[in-house]
Structure formats: C-alpha cells, structure tokens
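Number of protein chains: 2
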Amino acid sequence: MNLTTAEENYLKAIYHLSDGGKKSVSTNDIAAEMKTKPASVSDMLRKLGDKEVIEYRKYYGVNITEEGKKRALQTIRKHRLWEVFLVDKLNFAWDEVHEVAEELEHIQSPLLIQRLDAFLDYPKFDPHGDPIPDEYGDVRARPRIPINEMEIDQSGQIVAVKDSSAAFLRYLDKVGAYIGARIKVLDKVEFDGSLEILVDQKKSIFMSKDVAGNILAIQS
Amino acid sequence: MNLTTAEENYLKAIYHLSDGGKKSVSTNDIAAEMKTKPASVSDMLRKLGDKEVIEYRKYYGVNITEEGKKRALQTIRKHRLWEVFLVDKLNFAWDEVHEVAEELEHIQSPLLIQRLDAFLDYPKFDPHGDPIPDEYGDVRARPRIPINEMEIDQSGQIVAVKDSSAAFLRYLDKVGAYIGARIKVLDKVEFDGSLEILVDQKKSIFMSKDVAGNILAIQS
DNA sequence: TTTATATTTTAGTCATGACTAAAAACGAAA
DNA sequence: TTTCGTTTTTAGTCATGACTAAAATATAAA
Numbered sequence: 001m002n003l004t005t006a007e008e009n010y011l012k013a014i015y016h017l018s019d020g021g022k023k024s025v026s027t028n029d030i031a032a033e034m035k036t037k038p039a040s041v042s043d044m045l046r047k048l049g050d051k052e053v054i055e056y057r058k059y060y061g062v063n064i065t066e067e068g069k070k071r072a073l074q075t076i077r078k079h080r081l082w083e084v085f086l087v088d089k090l091n092f093a094w095d096e097v098h099e100v101a102e103e104l105e106h107i108q109s110p111l112l113i114q115r116l117d118a119f120l121d122y123p124k125f126d127p128h129g130d131p132i133p134d135e136y137g138d139v140r141a142r143p144r145i146p147i148n149e150m151e152i153d154q155s156g157q158i159v160a161v162k163d164s165s166a167a168f169l170r171y172l173d174k175v176g177a178y179i180g181a182r183i184k185v186l187d188k189v190e191f192d193g194s195l196e197i198l199v200d201q202k203k204s205i206f207m208s209k210d211v212a213g214n215i216l217a218i219q220s
Numbered sequence: 221m222n223l224t225t226a227e228e229n230y231l232k233a234i235y236h237l238s239d240g241g242k243k244s245v246s247t248n249d250i251a252a253e254m255k256t257k258p259a260s261v262s263d264m265l266r267k268l269g270d271k272e273v274i275e276y277r278k279y280y281g282v283n284i285t286e287e288g289k290k291r292a293l294q295t296i297r298k299h300r301l302w303e304v305f306l307v308d309k310l311n312f313a314w315d316e317v318h319e320v321a322e323e324l325e326h327i328q329s330p331l332l333i334q335r336l337d338a339f340l341d342y343p344k345f346d347p348h349g350d351p352i353p354d355e356y357g358d359v360r361a362r363p364r365i366p367i368n369e370m371e372i373d374q375s376g377q378i379v380a381v382k383d384s385s386a387a388f389l390r391y392l393d394k395v396g397a398y399i400g401a402r403i404k405v406l407d408k409v410e411f412d413g414s415l416e417i418l419v420d421q422k423k424s425i426f427m428s429k430d431v432a433g434n435i436l437a438i439q440s
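Those protein sequences? They're chains A and B, same order as listed. Each residue of the first sequence is one higher than the last, beginning at 1 in this note's numbering. Each residue of the second sequence is one higher than the last, beginning at 221 in this note's numbering.
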C-alpha cells in the first residue's frame with residue numbers, strides 16, 4: 001500500500017511526536033505540528049488507520065504500528081541523506097537544507113536512494129548530527145555530551161543546547177558558537193572547569209563550565 | 221504566478237508538441253501526450269490560459285506565450301540537469317533516468333538548481349545529447365548527423381533514428397546499436413559507402429550506407 | 001449549402017486534502 | 001452522578017485534477 005506525500009508527512013510527524021513510537025499522540029498535537037486544524041487531522045487519521053500504519057481509536061489518540069514505524073524511518077532516512085548531499089556536495093549551509101530536503105524526501109525511487117547513499121559514502125549522520133537509519137530502519141544514535149565533558153584536543157560539532165532561552169542563544173550567537181559549529185577543545189582549566197574552544201578552525205573562545213554544560217556536541 | 225506540478229507537466233508537453241512554440245497544438249494531441257482524456261485537457265487549458273502561459277481560443281487549439289516558453293524551458297532545464305546528475309554521479313544507465321528526473325524536475329528551489337549546475341560543471345547537454353537551456357532559457361542545439369556522414373575515427377553517441385519502424389528498431393536491437401550507444405567509426409568503404417562501427421568500445425558491426433543514413437548521432 | 005463526422009467543451013461526479021461550524025464524547029470537578 | 005469545559009469527530013464546503021456522458025462547434029464531403 002503506497003502513501004501519498006501528505007500521508008508520509010503526517011506519519012513522520014506522528015513518529016516524531018510519539019518519540020519513535022513509544023507514546024501515543026493526540027489529534028491536537030498533530031494539528032499543531034502540521035499547522036492544520038484538528039478536523040483535518042481526524043480525516044487523515046482515518047486514512048492512515050485504514051492503511052494500517054497507525055492504530056486509531058476515535059477520541060483516544062493514535063499509536064504508530066510496526067509497519068508505520070518502518071515507513072516513517074524510510075522517509076527520515078531519505079530526508080537526512082538528501083541533507084548530507086546538499087551540504088557536502090552542493091555547499092548548502094547547515095540551516096538552508098531543511099525545506100529543500102522536505103521536498104526531495106518524497107521522490108519515489110528505491111534505486112535513487114541506494115545510489116545516493118553509495119555516492120555519499122554511506123554516511124551515518126546528517127549535517128545536524130542526527131543519525132541516518134539504514135535501509136532496514138535501524139538507527140545507531142551517536143551520544144551527545146555537554147562539551148565540558150570532552151577531552152582536550154577532542155573535536156566535535158555543536159548539535160543542541162539544554163538551555164534554549166533567548167538570552168543564552170543570544171550569548172552563543174555573540175561568541176560565534178552557533179548550532180552546527182565545528183569545535184575543538186584547546187584547553188580545560190582544572191581550577192574552575194572553564195574551557196578554551198576553537199570554533200570553525202579559526203576563532204578561539206573562552207567559556208565557563210556552566211555555559212559549556214549547556215552546550216551539547218557530538219564527537220568526531 | 222506559480223504553477224502546480226500538473227500545470228508544469230502540461231506546459232512542458234505543449235512546448236514539445238508545438239515544436240518550441242512554433243506551431244499551435246490541439247486538445248486531442250495534448251490528451252494523447254499526457255495520457256488523459258480531452259475533457260481533462262480542456263479544464264487545464266482554461267487554467268493555463270488564466271495564468272497567461274498559453275493563448276487559448278476555444279475550439280482552436282493553443283499557442284504558448286513568451287512567458288509560457290520561459291517557464292517550460294526552466295522545467296526542461298531542471299529535468300536535464302537532474303538527468304546528468306543521475307548518469308554522471310549516481311551511475312544510472314542512460315534509459316533509467318527519465319522517470320526519476322520527471323519527479324525531481326518539480327522541486328522548487330532556484331538555489332538548488334544553481335548549485336547543482338555548478339556541481340555538474342555547467343553541462344551543456346544531457347545524457348541523451350539534448351541541449352540544456354541556461355537560466356535565461358537560451359539553448360545551444362548540437363547538430364545531429366546521420367552516422368554515414370561521420371569521419372573515420374570520429375566518436376559519438378546514437379541519439380535518434382529517422383526510420384522508427386518496428387522492423388528497423390528490431391534490426392538495431394539485434395546488432396546492438398541501440399539509442400544511447402557510444403559509437404566510433406572504424407572504417408568507411410569508398411565503393412558502396414558502407415561502414416564499420418565500434419559499439420560501446422567492444423562490439424564491431426557492419427552496416428550499409430542506407431542503414432547508417434537512418435541513424436542520427438551527436439559527435440563528441 | 002446542407003449534412004455528416006470528428007473534435008472540443010460543458011455538465012456532473014469522484015478522490016484528495018484542506019477548511020468552518022456544529023455535534024459528540026471524554027474527563028475532571030462539584 | 002451530574003455538569004462543564006476541552007478535545008475530537010462529523011457534516012458540509014471548496015479547490016485541484018481526474019473521469020464519463022452529453023452537448024456544442026468546426027470542418028470536410030455530398
């Protein structure tokens with residue numbers, strides 16, 4: 001049973017909202033995520049239920065089925081492979097890729113994805129550091145650690161922040177430590193745990209242990 | 221004014237059927253090309269007329285406008301760039317690319333096409349030897365010549381046949397001289413104009429001047 | 001010039017995926 | 001357990017792009 005583009009997008013949203021199928025998800029939450037109205041979501045849930053990619057009991061939210069999980073992971077795989085292509089091959093910036101990948105992920109051709117995967121040399125993570133599921137839907141997550149836990153000389157990439165207050169993001173922006181930045185730990189001060197970090201191979205910045213503890217990175 | 225995917229496909233068909241805007245095109249011909257019914261075509265022509273990409277007079281066929289030509293050429297450009305990508309980078313075979321390119325051509329992102337063009341090193345022709353319009357819609361056609369007019373040691377690629385009868389195509393298939401084959405002229409017999417041709421760098425075949433005159437190639 | 005035939009358009013229907021307004025069901029508090 | 005507010009579903013509508021059947025127009029033949 002094939003899914004339309006709209007159905008694929010709903011399924012992906014349900015997958016994410018359910019935390020990979022672990023929780024059930026409400027109609028209202030899906031509507032918010034998809035930027036549509038709850039009434040439209042109800043219609044779609046009936047269709048997805050008919051296609052057996054979700055388990056749908058009226059008034060009680062939805063659970064994604066095993067088949068649904070597999071489908072969602074395929075879409076996520078395609079999305080992330082295209083992101084790698086856009087950044088690595090076409091020199092897109094880290095934050096320019098999402099919308100285009102959102103379109104590319106719906107191209108229907110298993111051969112295309114197989115070849116693209118090979119062409120990109122079987123990447124395991126996308127430019128945001130998120131893992132790329134393999135063709136069977138298996139995912140190897142890469143641990144994200146606060147950068148104060150990294151060793152001296154260890155390189156990595158900033159992928160998330162714990163504290164996402166405007167003030168903290170403004171601070172990060174100011175020192176140039178944006179999400180996606182490649183970093184290297186130059187020095188750690190034993191006394192107070194503060195760090196010296198090299199950002200994008202050019203700019204060296206200092207930060208306290210507190211700040212560093214709020215910045216998550218993947219190691220490379 | 222944006223065009224939907226369906227509208228883009230109709231416009232492209234009209235562009236091709238009208239021989240690049242030189243002739244007017246009938247509803248029936250469009251229906252045949254698009255594999256739909258004439259009634260559906262009528263509906264679409266009204267829409268394309270409203271968007272001023274065609275000039276539509278009921279019962280009298282359509283002419284493509286300058287704006288329409290520009291739009292069609294943009295779509296053709298995208299299609300052919302993706303074909304180059306699929307063949308050159310992802311190792312698709314010459315005859316596997318059309319359907320996938322048919323989907324990829326509708327991705328909406330001028331930046332993507334600009335970057336893809338650069339990544340492919342600004343190709344001027346697609347894998348079928350068809351010219352790729354530039355971003356302003358300008359096209360530099362490459363001459364197609366009957367292979368009996370090629371010189372000895374000249375290489376090229378078969379791109380079309382004049383006689384497309386089943387019998388002739390069967391003959392071509394039998395000797396391995398399919399559309400898309402890379403060829404090289406090994407010898408030309410002065411006496412009767414017959415040729416010896418190397419196909420895909422491995423198979424050598426003989427053909428009469430008559431046969432050769434019906435096979436069109438681009439030189440490389 | 002009238003008629004016959006082929007082409008094209010209109011009218012009405014269907015599926016998809018959105019919407020609004022109204023009804024129904026749930027769940028928590030009284 | 002009844003009520004009240006929130007969530008969710010249903011009913012009815014719209015746009016897109018397809019379809020069939022019927023009507024309208026054009027064109028070629030008599």
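We treat Cβ as the ideally placed atom computed from N, Cα and C, and that holds for glycine. Predicted model only: the values in this text are computed from it and were never measured.
Taking DSSP's pairing of strands, which residues face residue 269 (chain B) in a bridge? For the purposes of this step, residue 269 (chain B) is taken as the residue at position 49 of the second sequence. Residue 269 (chain B) is not bridged to any residue.
Which residues in the same chain as residue 67 (chain A) place their Cβ atom closer than 8 Å to its Cβ, once the five residues preceding and following it in sequence are excluded? Taking the first residue of the first sequence as position 1, residue 67 (chain A) is located at position 67. Excluding positions up to five away in sequence, the list reads 52 and 53.
If you reduce the DSSP assignment to three classes, tell me which class residue 335 (chain B) lands in. As a working mapping, residue 335 (chain B) is identified with position 115 in the second sequence. Reduced to three states, the DSSP call for residue 335 (chain B) is helix.
As assigned by DSSP and simplified to three states, the class of residue 158 (chain A): If you number the first sequence from 1, residue 158 (chain A) lands on position 158. The answer is strand: DSSP assigns residue 158 (chain A) an E or B state.
Strictly below 9 Å CB to CB, what residues from chain B border residue 115 (chain A)? Within the first sequence, numbered from 1, the residue matching residue 115 (chain A) stands at position 115. Those within 9 Å of residue 115 (chain A) in chain B are 306, 309, 310, 311 and 312.
Close-in-space but distant-in-sequence residues of the same chain around residue 377 (chain B) (CB under 8 Å, 5 per side omitted): As a position in the second sequence, residue 377 (chain B) is number 157, starting the count at 1. 349, 400, 401, 402, 403, 437, 438 and 440.
When the Cα atoms are used, what is the spatial distance from residue 31 (chain A) to residue 199 (chain A)? On the first sequence, position 31 is the one that residue 31 (chain A) refers to. On the first sequence, position 199 is the one that residue 199 (chain A) refers to. Roughly 39 Å between the two C-alpha positions.
Enumerate in chain order the residues of its own chain whose CB-to-CB distance from residue 429 (chain B) is below 8 Å, with the five nearest sequence positions on each side excluded. Taking the first residue of the second sequence as 1, we reach residue 429 (chain B) at position 209. Within the same chain, residue 429 (chain B) has close Cβ partners 368, 412, 413, 414 and 415.
With a Cβ-Cβ cutoff of 8 Å, do residue 214 (chain A) and residue 173 (chain A) count as a contact? If you number the first sequence from 1, residue 214 (chain A) lands on position 214. If you number the first sequence from 1, residue 173 (chain A) lands on position 173. Not a contact, by the Cβ cut-off of 8 Å.
Counting along the chain, where does the alpha helix (DSSP H) carrying residue 282 (chain B) start and finish? Numbered from 1 along the second sequence, position 62 holds the residue referred to as residue 282 (chain B). For residue 282 (chain B), no alpha helix (DSSP H) encloses it; the enclosing beta strand (DSSP E) starts and ends at 282-284.
Which two residues bound the contiguous alpha helix (DSSP H) that contains residue 233 (chain B)? Working through the second sequence from its first residue, we reach residue 233 (chain B) at position 13. Run containing residue 233 (chain B): 225-237, per the alpha helix (DSSP H) assignment.
Amino acids of chain B, ordered along the chain, whose beta-carbon sits closer than 7 Å to that of residue 104 (chain A): Working through the first sequence from its first residue, we reach residue 104 (chain A) at position 104. Those within 7 Å of residue 104 (chain A) in chain B are 327.
Is any beta-carbon of chain B found at less than 8 Å from that of residue 112 (chain A)? As a position in the first sequence, residue 112 (chain A) is number 112, starting the count at 1. Yes, contact with chain B.
Residue span of the alpha helix (DSSP H) that contains residue 171 (chain A), given as start and end: Your numbering for residue 171 (chain A) matches position 171 in the first sequence. Element bounds for residue 171 (chain A): 166-175.
Contacting residues, own chain, Cβ-Cβ under 7 Å from residue 1 (chain A) (five flanking each side not counted): As a first step, residue 1 (chain A) must be located in the first sequence, where it is residue number 1. Once the five neighbours on either side are set aside, the close Cβ partners of residue 1 (chain A) are 51.
CB contact flag (residue 282 (chain B), residue 244 (chain B), <8 Å): Here the question's residue 282 (chain B) lines up with position 62 in the second sequence. Here the question's residue 244 (chain B) lines up with position 24 in the second sequence. Taking 8 Å as the cut-off, the beta carbon of residue 282 (chain B) is found closer than this to the beta carbon of residue 244 (chain B).
Proximity winner among A:201, A:4 and A:167, relative to residue 154 (chain A) (alpha-carbon distances): As a position in the first sequence, residue 154 (chain A) is number 154, starting the count at 1. When each option's Cα is compared against that of residue 154 (chain A), the closest is A:201.
Using a beta-carbon distance below 8 Å, is residue 168 (chain A) in contact with chain B? Locating residue 168 (chain A) in the first sequence gives position 168, counting from the first residue. No, residue 168 (chain A) does not count as interfacial toward chain B.
According to the neighbour-count rule (16 or more other Cβ atoms, all chains shown, within 10 Å of its Cβ), is residue 258 (chain B) buried or exposed? Numbered from 1 along the second sequence, position 38 holds the residue referred to as residue 258 (chain B). Its Cβ having fewer than 16 others within 10 Å, residue 258 (chain B) is exposed.
Using only the alpha-carbon positions, how far apart do residue 140 (chain A) and residue 406 (chain B) sit? Position 140 of the first sequence, counted from the first residue, corresponds to residue 140 (chain A). Position 186 of the second sequence, counted from the first residue, corresponds to residue 406 (chain B). Using only the alpha carbons, I get a separation of about 55 Å.
Comparing alpha-carbon positions, which option in B:325, B:410 and B:338 lies nearest residue 291 (chain B)? Residue 291 (chain B) sits at position 71 when you count from the first residue of the second sequence. Out of B:325, B:410 and B:338, the CA that lies nearest to the CA of residue 291 (chain B) is found in B:325.
Leaving out the 5 sequence neighbours to the left and right, which residues in its chain are closer than 6 Å to residue 18 (chain A) when beta-carbon positions are compared? Counting from 1 along the first sequence, the entry for residue 18 (chain A) is found at position 18. Only 25 and 64 meet the Cβ criterion.
Does the count of Cβ pairs from the segment 93-104 of chain A and the segment 33-48 of chain A closer than 8 Å reach three? The segment 93-104 of chain A vs the segment 33-48 of chain A: no contact.
Neighbourhood of residue 425 (chain B) by C-beta distance below 7 Å, restricted to the same chain and skipping five residues each side: The residue labelled residue 425 (chain B) in the question sits at position 205 within the second sequence. 395, 396, 397, 417 and 419, listed in sequence order.
Return no unless some Cβ of chain A is closer than 8 Å to the Cβ of residue 395 (chain B). Locating residue 395 (chain B) in the second sequence gives position 175, counting from the first residue. Residue 395 (chain B) is outside the set of residues whose beta carbon lies under 8 Å from a beta carbon in chain A.
Are there 16 or more other CB atoms within 10 angstroms of the CB of residue 276 (chain B), so buried, or fewer, so exposed? Numbered from its first residue, the second sequence carries residue 276 (chain B) at position 56. So residue 276 (chain B) ends up on the buried side.
Interface residues of chain A facing residue 339 (chain B) [CB-CB closer than 7 Å]: Within the second sequence, residue 339 (chain B) is the residue found at index 119, counting from 1. Within 7 Å Cβ-Cβ: 89 and 90.
Output the distance between the C-alpha atoms of residue 320 (chain B) and residue 107 (chain A), rounded to the nearest integer angstrom. Translated into positions along the second sequence, residue 320 (chain B) becomes position 100. Translated into positions along the first sequence, residue 107 (chain A) becomes position 107. Looking at the two C-alpha atoms, the distance is approximately 8 Å.
Kindly indicate if chain A contains any beta-carbon less than 8 Å away from that of residue 320 (chain B). Position 100 of the second sequence, counted from the first residue, corresponds to residue 320 (chain B). It does: the Cβ of residue 320 (chain B) has a partner Cβ on chain A nearer than 8 Å.
Taking only the alpha-carbon atoms, compute the straight-line gap between residue 120 (chain A) and residue 329 (chain B) and give it to the nearest angstrom. Position 120 of the first sequence, counting from 1, holds the residue named residue 120 (chain A). Position 109 of the second sequence, counting from 1, holds the residue named residue 329 (chain B). Rounded to the nearest whole angstrom, the C-alpha separation of residue 120 (chain A) and residue 329 (chain B) is 21 Å.
Could you check whether residue 124 (chain A) and residue 113 (chain A) sit closer than 8 Å to each other, using their CB atoms as the reference points? Stepping through the first sequence from its first residue, residue 113 (chain A) is reached at position 113. Stepping through the first sequence from its first residue, residue 124 (chain A) is reached at position 124. Taking 8 Å as the Cβ cut-off, residue 113 (chain A) and residue 124 (chain A) do not qualify as a contacting pair.
What do you reckon, are the CB atoms on residue 335 (chain B) and residue 28 (chain A) nearer than 8 Å? Within the second sequence, the letter at position 115 stands for residue 335 (chain B). Within the first sequence, the letter at position 28 stands for residue 28 (chain A). No, these two residues do not count as a Cβ contact at 8 Å.
Compute the beta-carbon to beta-carbon distance between residue 7 (chain A) and residue 58 (chain A), rounded to the nearest angstrom, for a pair I have assumed lies under 8 Å. Position 7 of the first sequence holds residue 7 (chain A). Position 58 of the first sequence holds residue 58 (chain A). With a Cβ gap of about 19 Å, residue 7 (chain A) and residue 58 (chain A) do not count as contacting.
Thinking just about the alpha-carbon of each residue, which of B:379, B:297, B:241 and B:388 is nearest to the one in residue 363 (chain B)? In the second sequence, the residue the question calls residue 363 (chain B) occupies position 143. Checking every option, the nearest Cα to that of residue 363 (chain B) belongs to B:379.
Would you say residue 294 (chain B) and residue 241 (chain B) are within 8 Å of each other, going by their C-beta atoms? Mapped onto the second sequence, residue 294 (chain B) falls at position 74. Mapped onto the second sequence, residue 241 (chain B) falls at position 21. Not in contact: residue 294 (chain B) and residue 241 (chain B) (Cβ atoms no closer than 8 Å).
Opposing strand residues paired with residue 192 (chain A) [DSSP bridges]: Counted from its first residue, the first sequence places residue 192 (chain A) at position 192. According to DSSP, which records beta bridges pairwise, residue 192 (chain A) is partnered with nothing at all.
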